[in-house]
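See below for the structure under consideration.
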Amino acid sequence: MSETNKRNEHGKRAVQTTGHSWDGDLQEYNNPIPRWWLWAFYATVVFAVVYWFLYPAWPVGGTYTKGVMNTITYTGPGGEERTTHWNTRALLMRDMQEGTHAVRQREYLERVAAMSYNEIADDPDMMAFSRSVARGLFADNCAACHQVGGGGVPGVYPNLADDDWLWGGTFERIEETIREGRRGFMPAFPQFNARQLDDLASYVLSLSGHSVDADAAARGDDIFNGPTGGCMYCHGEGGTGGPAQGAPNLTNGLWQIVDVPSAPTLEGKKALVKRVVSEGAQRHMPTFQDRLSDAEIRALAVYVHSLGGGQ
Amino acid sequence: MTGSTVARVAIYPRSVKGRFRNLKWGILGLAYGVYFLLPWLRWDRGQGPSQAVLFDIPGRRFYLFDLVVYAQDIFWLAGLLIIAALLLFFVTGILGRVFCGYFCFQTLWTDVFLFVERFVQGERPARIRLAKAPWSVGKAAKLSLTHLLWLLIAMATAATFVLYWGDAPSLLVAMVTGEAPSAAYVTVFFLTATTYVMAGWAREQVCTYMCPYARFQSVMFDSDTRIVGYDTGRGEGKAGRAKLAPGLKTREERHAKGVGDCVDCGYCVQVCPTGIDIRNGLQIECISCALCIDACNNIMDHAGFPRGLIGYTSEKEQSGAPVRVLKPKTYGYGLALLVAVGALTWSVAAREPFELSVTQIRQPLAVTLSDGRVQNNYELKLTNKTNETARYAIGITGLQGAELEIGRFETVSLEPGRSVTLVAHVRVDPDEARQAQQDFKFVVEPVDGGDGRGEPRTWRSVFYIPSLERAEVSLVH
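Note that the protein sequences, when read in sequence, are chains A and B. Going by my numbering, the first sequence runs without a break in its numbering and finishes at 313. Going by my numbering, the second sequence runs without a break in its numbering and finishes at 535.
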């Protein structure tokens, strides 16, 4: 207390106490709130009042006060001008249209749209941009089936990271696939008996190097390449595939419709092939030309092509 | 002292002339010159903007004359901070709080603000009179002018800070015409406010109450550290200090009466920017600005007494013991400082002319191709950190029978400061591979350009063959 008396330069009396005391000598000062604190408090009050006027603040029945001098204009998704009260969503919309990065991305996309696929593929910078912008597009539109990275789901959704293409792996074919979608269809052959199915499966597996019963494979060859089965109309003579109609190449070790490599025994592998032959296969990839712009489709085609097996 | 509600005792430092004051003006001029003019210095470099010092946050580049610091070099900043800390330890251990007294921007700006205050309101007695005087037009005018000038200096300080982060001429025009980014205005506003409040109002309270360095610098003191000290023995004598009075004019007269050399003029107290009396010994508020030394020396000269009643001294010197500056602590801090400076210098000098980062694409980790080979994909990010366009050839080594494909291009050309992201496909025949995981290296060689530093450099990576991994696992079980 004596120290306080000495330092109190206002020439006034010593600091008052509230009169409360504990333990004999513990007393409570009765100091005023510091001046700076008080002013800061008044400033917050003023700030709050200004805020009420400027920003949406008060609920009024079914609506609310919208503030003044706070409209924001942005370009909507359809290209139309929209003016609304200031909000962060509108700010985002405006930034997506007019922000420096949005403008730069648009310029790059226009270049992608104007360049040929060969020009893009020869330019590391444009490749990097296409991949970068298409990574997001792929995640939004393609990854649900083909998985992030394009690995696919064995037997269900094709693997886009290998070089085995059902509909062709050139830039143009990939673009066509994205743009128009695909309907993969293999007819069912319910008329085949168990022996025929077994022979056919033996032949098909022999194409990709599996060691099977040679007699059965020879009989299967007749069905495959002859009028009984007519498989070669789509799969090509010798099973080398027909990309124009989405018919898989059966001579390599990669399987698109059924996951043959994962079956541990030859009988199991044959069973998988037999099922496809007797039941057929139908798969559908939707069209994306209504959802994506031309430039986006081009970037996406470049991306898919670069996943690992583009031709 | 009790709580913060005790009002600050206003301090009206008197001006002083002298050696240390001149030194302080010199340092102040240099610091202000560098700070205010540096953003305007143009610099011609091969890449990027032509501003000598520019911190380009959106472009993630710091331009310091010919040195371009990329985002991934930001650890240099850590090195710089370590050096600054060690330098502070080293210097403070020997010379005391010279940073506080001469170099700290709080000291420098407060000094300028005090100069303005004195320029407008006059010397210490005039300012005290003015403060006590009732409100009048003259008082209001003087105070307004003071604060206006303070605000202008604060605003110039704030605006200059902003200029380091953008092209100075165009940014200043943009700020004046209202077209600068809002961050610029917010920064100017806050730095103006803080400069005005800290240098104009808070002044020595920053050093006494707010500054953490003030506190931990005292920890580095020892009995050999230079401090601003008052020679009590000489100043007080046996009978204490006394004013110059008849019969107490000369040293002989004074010594005969047991009176010390201190004439108790109070000049050292009046010039002190933190308002302490150095004659009471070293205090936490003392920022070692040495203005009291100048003040006392002036008085000693005037009285015809020898200088040095207040001077740079040390605890040991004051007690008459020999001073030892070169001690293990000095060597320790000095060595650490040298190592840190050496390491940073080496790191900057040996910075790589280009940078590569390799990330394996793990979705999917590996795919089998139709010819039976296994393919792994890698994402390479290549950055040209030189000041000229360079072309790079990319290859792999250490992977038997492997094929590398990086799009259609065999070499990649990169402009200075640019980066490119490439996808590398690596294909290996699993029949030739021995292990499920095999280490190999990417090799990048600048084939032309790149400041003539064309040595190839390698980056380690791993190739996976999952089918072999399965085989290995089944062998184990």
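For each residue, glycine too, the CB sits at the ideal point set by N, CA and C. On a predicted model such as this, the values are computed, not experimentally measured, just so you know.
Give a yes or no on whether the minimum CB-CB distance between residue i and chain B is below 9 Å.
i      : result
A:N254 : yes
A:P266 : no
A:F209 : Per the sequence shown, residue 209 of chain A should be read as Leu rather than Phe. So no, A:L209 is outside the interface.
A:L202 : no
A:M117 : no
A:Q99  : no
A:P245 : no
A:R133 : yes
A:V150 : yes
A:E11  : The predicted position of A:E11 is uncertain, since its pLDDT is 46 and thus under 50; no value can be drawn from it.
To the nearest angstrom, how far is the alpha carbon of residue i from that of residue j?
i      : j      : result
B:R492 : B:F521 : 11 Å
B:Q263 : B:D102 : 44 Å
B:V397 : B:V156 : 23 Å
B:R284 : B:V383 : 10 Å
A:D166 : A:Y159 : 13 Å
A:T86  : A:Y66  : 14 Å
A:R113 : A:C147 : 29 Å
B:W83  : B:R182 : 19 Å
A:L309 : A:G80  : 33 Å
A:T6   : A:Q29  : Confidence at A:T6 is low in this model, with a pLDDT of 43, below 50, so its placement is unreliable and the value that follows should be read with caution. C-alpha separation (whole angstroms): 14 Å.
B:V425 : A:P156 : 12 Å
A:H12  : B:V67  : Annotation note: pLDDT 47 at A:H12 (below 50); position unreliable, no value reported.
A:R369 : A:P58  : The question about residue 369 of chain A has no answer, for chain A in this structure spans 3 to 313.
B:L427 : B:D487 : 10 Å
B:Y93  : B:A217 : 11 Å
B:L395 : B:R273 : 22 Å
A:G78  : A:A141 : 24 Å
B:P152 : B:A142 : For clarity, residue 152 of chain B is Ile in the given sequence; the question names Pro instead. When rounded, the distance between both Cα atoms is 16 Å.
B:I351 : B:G91  : 27 Å
B:W517 : A:V52  : 59 Å
B:C347 : A:W88  : 53 Å
Can you list, in chain order, the residues of its chain whose CB lies under 8 Å from that of residue i, leaving out five sequence neighbours each side?
i      : result
B:L125 : V406
B:T332 : I69, E262, C265, T266, E343, C344 and I345
A:G232 : none
A:R293 : N143
B:I538 : Shown here, chain B extends from 59 to 535; a query on residue 538 of chain B therefore has no answer.
Among the residues of its own chain, which have a CB less than 7 Å from the CB of residue i, if the five just before and after it don't count?
i      : result
A:E239 : N227
A:M98  : A104
A:N33  : V17
A:R285 : G186
B:N355 : G76 and R365
Spatial neighbours of residue i within its chain, please: C-beta separation below 6 Å, excluding the five flanking residues on both sides.
i      : result
B:D506 : R449
A:E281 : A190
B:R72  : R182, Q328 and V329
B:T60  : Here the model assigns B:T60 a pLDDT of 44, short of 50, so the residue's position is not dependable, and the following value carries that caveat. Cβ neighbours of B:T60 beyond the five flanking positions: none.
B:L207 : V174
A:S4   : With a pLDDT of only 40 at A:S4, under 50, the local geometry of the prediction cannot be trusted, and no value is derived from it.
Please tell me whether residue i has its Cβ less than 9 Å away from any Cβ of chain A.
i      : result
B:R466 : yes
B:P474 : no
B:H483 : yes
B:I523 : no
B:L114 : Residue 114 of chain B is actually Asp in this sequence, not Leu. So no, B:D114 is outside the interface.
B:N338 : no
B:G377 : First, the amino acid is wrong: residue 377 of chain B is Ser here, not Gly. With 9 Å as the cut-off, B:S377 does not count as an interface residue toward chain A.
B:L146 : no
B:I419 : yes
B:G427 : Reading off the sequence shown, one finds Leu at residue 427 of chain B, where the question assumed Gly. Chain A contact via Cβ: present.
B:S228 : no
B:T479 : yes
Under a CB-based cut-off of 9 Å, is residue i close to chain C?
i      : result
A:A130 : Reference to chain C is not applicable here, since the protein chains of this structure are A and B.
field: Runs of alpha helix (DSSP H) lying entirely within the stretch 74 to 137 of chain B, each at least 4 residues, in chain order
entry: 77 to 95
query: In chain order, which continuous runs of the alpha helix (DSSP H) of length 4 or greater are located wholly inside the stretch 220 to 265 of chain B?
result: 226 to 235 and 240 to 253
field: Cβ contact (3+ pairs, closer than 8 Å) linking the stretch 269 to 289 of chain B and the stretch 303 to 316 of chain B
entry: By the C-beta criterion, the stretch 269 to 289 of chain B is judged not to be in contact with the stretch 303 to 316 of chain B, since fewer than 3 inter-stretch pairs fall below 8 Å.
query: Can you find at least 3 beta carbon pairs, one from the stretch 97 to 116 of chain A and one from the stretch 294 to 304 of chain A, that sit closer than 8 Å?
result: yes
message: As an exercise, report each continuous beta strand (DSSP E) stretch of at least 3 residues that is fully enclosed by the stretch 416 to 449 of chain B, in chain order.
response: 432 to 442
query: Okay, do the stretch 118 to 136 of chain B and the stretch 222 to 237 of chain B touch, 3+ Cβ pairs below 8 Å being the bar?
result: no
query: Would the stretch 427 to 444 of chain B and the stretch 470 to 485 of chain B be scored as touching if the rule is three or more Cβ pairs under 8 Å?
result: yes
query: Which runs of the alpha helix (DSSP H) spanning at least 4 residues fall entirely within the stretch 134 to 193 of chain B, listed in chain order?
result: 163 to 179 and 182 to 190
field: Minimum length 4: unbroken alpha helix (DSSP H) runs contained in the stretch 17 to 93 of chain A
entry: 37 to 56
message: With a threshold of 8 Å, are at least 3 pairs of Cβ atoms found where one atom belongs to the stretch 97 to 115 of chain B and the other to the stretch 371 to 380 of chain B?
response: no
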